[in-house]
Amino acid sequence: MSARGKARRRALDILFEAEARLLSPLDVLAERVERADPPVNEYTSFLVEGVVRHLDRIDELISTYAEGWTLERMPAVDRNALRGGTYEMLWSEEVPEGVVISEWVHLVAELSTDESPQFVNGLLARFKQLKPSLSL
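Numbering-wise (UniProt numbering), the sequence shown opens with residue 1 and increments by one.
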């Protein structure tokens with residue numbers, strides 16, 4: 001797994017843990033940075049901080065375009081992977097959009113349900129298509 005792939009995995013872990021513990025992802029990130037075992041990659045911090053900064057808009061987009069699914073009904077891994085992937089897709093220019101989709105789909109394929117990769121792929125691909133017309 002690439003360094004950025006590991007950073008995405010760690011960001012997903014932090015977002016998931018924060019939700020499970022009813023904490024701010026920034027607090028969980030700070031705990032991980034302080035503990036530094038393993039060290040937190042700069043890209044992990046970039047992703048978690050970006051998701052937190054744009055969470056309301058990210059959740060609005062996911063809720064709008066996830067046909068037949070509410071945020072609450074989604075598996076927590078999928079919900080948080082979509083948050084990370086949506087942030088990276090729409091607010092980061094560093095990574096090609098196809099790579100963003102592939103990486104987040106790979107994570108849910110490892111960590112979530114059999115249907116999750118197709119669901120996450122479809123929604124992130126839709127955001128890629130809509131990106132030029134979305135007001136962020």
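Note that beta-carbon positions come from the ideal geometry of N, C-alpha and C, so glycine has one too.
To the nearest whole angstrom, what separates the beta carbons of residue i and residue j, a pair I think is in contact under 8 Å?
i, j, result
"A109", "P96", "Wrong, their Cβ atoms sit about 19 Å apart, outside the cutoff."
"L47", "A7", "7 Å"
"W91", "L136", "7 Å"
"L71", "D59", "6 Å"
Can you name, in chain order, every residue of its own chain whose Cβ lies under 8 Å from the Cβ of residue i, other than the five neighbours on each side?
i, result
"V52", "S24, P25 and L26"
Can you tell me the Cα-Cα spacing of residue i and residue j, whole angstroms?
i, j, result
"S63", "V33", "31 Å"
"D78", "G68", "15 Å"
"V120", "D13", "17 Å"
"A3", "V40", "11 Å"
"S133", "R126", "12 Å"
"A30", "G84", "18 Å"
Please confirm whether residue i and residue j have their CB atoms less than 8 Å apart.
i, j, result
"V28", "E42", "no"
"M89", "V99", "no"
Closer than 6 Å by C-beta to residue i: which residues in its own chain qualify, once you throw out the five before and the five after it? Chain order, please.
i, result
"R10", "T44"
Taking 7 Å as the limit between beta carbons, can you name the residues of its chain near residue i, skipping five residues before and five after?
i, result
"T113", "P75"
"E103", "G5 and R8"
To test your reading of the DSSP string, which unbroken alpha helix (DSSP H) runs of 4 or more residues are found completely within the region 40–73? Segments of the alpha helix (DSSP H) lying fully in the region 40–73: 42–53 and 55–65.
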